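Read the structure below first, then the notes.
In UniProt numbering, the protein residues as written are 1 to 99.
Written out as structure tokens, the structure is:
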């Protein structure tokens, strides 16, 4: 049998053995049905983790910068499209006023 050399004996303390309230583990509890798996991201979910060999830091930094740049270009093009549409609507409404 193994010796318990590292354990210190501290059995002198007083322990409260309350029997008035049931222990939380004794009370039946509802089953947790929440999913802790994949959460849907509202921002498009462009950032993905890939399994495999770890990348070097410089390669990882380049890749992250490329992702950020692509997102910025996408937002910029969307703003340009909206600006063009609003300009077209303004010119059409101005033409209708003078007819």
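Backbone N, C-alpha and C define an ideal beta-carbon position, used for all residues, glycine too. Remember, predicted model here, so these are calculated numbers, not experimental data.
#### Entry: Terminal residues of the alpha helix (DSSP H) in which residue 53 lies
Boundaries for residue 53: no alpha helix (DSSP H) harbours it, and the DSSP string shows neither H nor E there.
### DSSP-derived helix/strand/coil call for residue 92
Residue state, collapsed to three classes: helix.
### Query
Using DSSP with H/G/I as helix, E/B as strand and the rest coil, what is residue 31?
Reduced to three states, the DSSP call for residue 31 is coil.
### Task
Can you tell me which of the three DSSP states residue 49 falls into?
It is coil, neither helix nor strand.
### Task
Compute the Euclidean distance between the alpha carbons of residue 85 and residue 52, then round it to the nearest angstrom.
The alpha-carbon atoms of residue 85 and residue 52 are separated by roughly 45 angstroms.
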